[in-house]
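Quick notes on the structure that follows.
Protein chains in written order, with the numbering used here: chain A, 1 to 193; chain B, 1001 to 1575; chain C, 2001 to 2276.
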């Protein structure tokens, strides 16, 4: 058919966008299932134990996790600002840099949190509650590191913007916001409740 | 519909970029095929060792035994036996069937059958294969660690798979290998789903896709959703082993913490039951197509078959509890899982009705792929129906963890899937290598396999019903199993027969690659898109993206003149 | 090949000697049923088998019959139908419904009834029953009887290793756990098994009807010597059982070392309500 051969660049761009979005949604479903399984495990322990936290354990100090939450929330906000500007055709590099820095800040705050727990004598092997705290934050942090890598790579590609830049920005954004939401859920269910 | 047209990229010229680090979906498919066949050989050899031990306990394994186990007079030692059945299960499921059915046929058929030039993400595709290779290296490396490979069964239930039950590095490497493989398969799944959604040729609606693509698509969806569940379980297990967390530790032998070993079983089977369908959905798809192709008749109720596949896909996520009746879940849960499991038989009955409806009043050509497809209908009938005993909670009290279970799941996961895989291999070989496979050898291969398979797995169900439990090194230490010696020997001899039968396939495959008669463009006279292009498929598949105008199973239309099928690119002939 | 033949002959001859009383078909049967409720499982198995054979017969009739009737030679002109007419769809749907009503509903109903009314209907604490605590470990079964005082984990407890002795015609209830890895307490002659899980206590009950010596096995993979995790079940009549238990109790009171903590692996018997 003729129209297939005479496809325009605009159509191709549209196609790229749709493909990446489909793939990104599937990927996020996959990651979502990973964290959902962890939350299911947590729920199982939480509701089958008569007392929570289990005997001999107390809830961890909320200060550092709260700082982490604030950092990652602000980083998502700055990213949204950056993303809006990209769609308007402006590459607001500073806000992307700020997102990355806040992400690094989140990691620092997590490291401080782990050190704080260790200083209190709470290790991963100290029982089921510390096991959950350590393992879940480790797995989340590993994803944050990957997300930071993507943000830095994105920063590098901004020098030579092309038709795919907006797609990249939108997809990496989805991943970064996803990690923020996962952290928020973990913060509320594991630390606060 | 195709949202855009992929570029025709230049054919690679160097050996490395053409055959090793290739972006071409057809080359990656062949890589997966060889990878799978190699592991099929290794896993099969392990099965023979296992069977030998069960039939002739205490006898040296001929020829290979003294080489492999010199310290034990050539007899398989009990710890090695545990390792053998663990790795047999792992290798067959994750390293043989998954690469062949999903890696090879998925990569090969999806772009060709939907009229695309390649997968949407060729790089991801290549990465997926090389991660699978990395995973295989990790798994094989685990065999050479001080305490040997994993030996806790392919289900690796804690606490046996934690440091309490298996101290070696082997089990940790096993977890990592499976995790890496999970990442690789998820990458593949994302690629397949995106390709099928976005790159179908213009005019091809979802119900114009061949059923093979339906099977592969649903498989990819299940993979993308449920492999991360296994991934999470494996991560927690690895943390338990390496960092001393206590997710799965409990009881007197656990020095700290109060986890729950049954949690792993939940996580494992939430993944594990869909995995069964992950393996068999592509085989169902291939068989549904091939029955129509060789009966020269449109697929009976093709839409119904596709919908039945979809409903099984959905149901498969809700029934995992029937693997865990013996852990004494709450009665309410047990009953709901039994009821939900039973409902799977409705879409299964639809399959059989449609398959038999397809060959009813057809004009059947008994070529090798057709024989294998009919074989699938037969063995899947047996495998599916015997599932009823295990879904029923009271009979499962007796049959759980016996050889009956082993026989049942081998009928579905080994016999059906393997025969489906062979059907596909014989069918698409001309398009892959441009040559035909030998029909006579193929038919010999089919009949030996059929006799062997049924001897093995039927025998297993019989000894299971007689009470023989799974994963035991020497059944004859038990008084009530002493009478089963002749039956066990019968199974082992069937297994050896089956093993010998596969040599016909290997010879046929390799010989035909170089010496087989040159295949025409469309040797089977079939109308799907891959047969509209030369054999072997050229580098860019379709020079012009085809436009689809009719369904994939248009055979025997009385208004056709001169031939009995029409290509999907042709307008449906009407009176 | 020769080697294989020799080996096969050797085994076949020896096993034929040993099992000369058991024919080939006889050997396929499940072990003798010694419990009051084992026949429920056996009869449901047989019912399922007949239903399955009924449907599989039609599948085979389809595969072989159609292959014979509609081969290319015999039937060169195929029927052109997509199977989408109302008649075809209702036939397919009918087959689905038939399978569901004839097989699934039947089996599920019977199984549900047996499961709730019999296998989960544990004997009441007030009844005259035998209570046994079971501890699985790599690779042995420990059994504990409460002894004279009827309280578990005291000095007069009768503790045996791989040796379970029970009276005939009396309800027996087990509470089962494991020390290290997951095991599964398997009585092939009573058609029952239940997992022994570390950190949990599972339950099982049955009533035996035949005296004699039987096998107990572990059905869940539990390590290298899983196959050796074998125990013996001796079924006595009531007088023999009482005599044995008395003797064991007296012996236990003399031999149990009071300060050896690991002999007291038992637990307080859990009442019905506590096990859920």
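No residue lacks a Cβ here, since even glycine has one placed at the ideal position from N, Cα and C.
All values derive from a computational prediction rather than experimental measurement.
- Take the alpha-carbon of residue 1405 of chain B and the one of residue 1324 of chain B: they are about 13 Å apart.
- For residue 26 of chain A, the chain B residues whose C-beta falls within less than 8 Å of its own C-beta are 1189, 1190, 1193, 1194 and 1224, listed in chain order.
- Within 10 angstroms of the beta-carbon of residue 1058 of chain B lie fewer than 16 other beta-carbons, which makes it exposed.
- Of the residues assessed, residue 188 of chain A falls on the exposed side of the cut-off, its CB having fewer than 16 other CB atoms within 10 angstroms.
- Residue 1360 of chain B carries a coil assignment under DSSP once its states are collapsed to helix, strand and coil.
- By the beta-carbon neighbour count (other beta carbons within 10 angstroms, threshold 16), residue 1111 of chain B is buried.
- Residue ranges of uninterrupted beta strand (DSSP E) with 3 or more members, entirely inside the stretch 2144–2227 of chain C and ordered along the chain, are 2158–2161, 2163–2167, 2171–2178, 2183–2187, 2192–2196, 2202–2207 and 2212–2218.
- In this structure residue 1048 of chain B is not in contact with residue 1455 of chain B, their Cβ atoms being roughly 14 Å apart against a cut-off of 8 Å.
- In this structure residue 2031 of chain C is buried. Its beta-carbon is surrounded by 16 or more other beta-carbon atoms within 10 angstroms.
- Secondary structure of residue 2035 of chain C (DSSP, three-state): strand.
- Our two residues, residue 85 of chain A and residue 164 of chain A, have alpha carbons roughly 15 Å apart in a direct line.
- Note that the C-beta distance between residue 1363 of chain B and residue 1423 of chain B is not below 7 Å.
- Chain-order list of chain B residues neighbouring residue 2108 of chain C: 1338, 1339, 1342 and 1392, by C-beta distance under 8 Å.
- Taking a beta-carbon distance threshold of 7 Å, residue 1258 of chain B counts as an interface residue toward chain A.
- Neighbours of residue 1263 of chain B in chain A, taken as residues whose beta carbon is under 7 Å from its own, are 41 and 44 in chain order.
- Taking a Cβ-Cβ threshold of 7 Å, the residues of chain B close to residue 2223 of chain C are 1160 and 1165, in chain order.
- At a cut-off of 7 Å between beta carbons, residue 1052 of chain B makes no contact with chain C.
- Excluding the 5 residues flanking it on each side, residue 1170 of chain B has same chain C-beta neighbours closer than 7 Å at 1142, 1145, 1147, 1148, 1149 and 1150, in chain order.
- With at least 16 other beta carbons inside 10 angstroms of its own, residue 2095 of chain C counts as buried.
- By the 16-neighbour rule on beta-carbons within 10 angstroms, residue 1091 of chain B is buried.
- Burial is judged here by how many other beta carbons sit within 10 angstroms of a residue's own beta carbon; residue 75 of chain A has at least 16 and is buried.
- Close CB contacts of residue 1116 of chain B within its chain, under the 6 Å cut and outside five residues either way in sequence, are with 1199 (chain order).
- Residue-level contact check: residue 2112 of chain C touches chain B, since one or more beta carbons of chain B fall below 7 Å from its beta carbon.
- Under the 7 Å criterion on CB atoms, residue 1252 of chain B is classed as non-interfacial with respect to chain A.
- Shortest Cα-Cα distance from residue 2193 of chain C to any of B:1480, B:1431, B:1360 and B:1401 involves B:1401.
- The C-beta separation of residue 2179 of chain C from residue 1251 of chain B comes to about 6 Å, placing the pair in contact by the 8 Å criterion.
- Boundaries of the alpha helix (DSSP H) harbouring residue 2239 of chain C: 2238–2255, taken from the DSSP string.
- Closest by C-alpha distance to residue 2232 of chain C, out of C:2187, C:2222 and C:2206, is C:2187.
- Note on geometry: alpha-carbon atoms of residue 1504 of chain B and residue 1042 of chain B lie some 17 Å from one another.
- Under the three-state reduction of DSSP output, residue 163 of chain A falls in the coil class, being neither helix nor strand.
- Residues of chain C with a Cβ closer than 9 Å to the Cβ of residue 1345 of chain B are, in chain order, 2096, 2099, 2100, 2103 and 2104.
- Residues of chain B with a Cβ closer than 9 Å to the Cβ of residue 31 of chain A are, in chain order, 1228.
- If you check each beta-carbon in the stretch 139–165 of chain A against every beta-carbon of chain B, the ones closer than 8 Å belong to 139.
- Listed by position along chain B, the residues whose Cβ is nearer than 8 Å to that of residue 2193 of chain C are 1326, 1397, 1398, 1400 and 1401.
- Among the residues facing chain B, residue 2031 of chain C is included, as its CB has a counterpart in that chain under 7 Å away.
- DSSP assignment within the stretch 1090–1116 of chain B yields the following whole alpha helix (DSSP H) runs of 4 residues or more, N-terminal first: 1105–1114.
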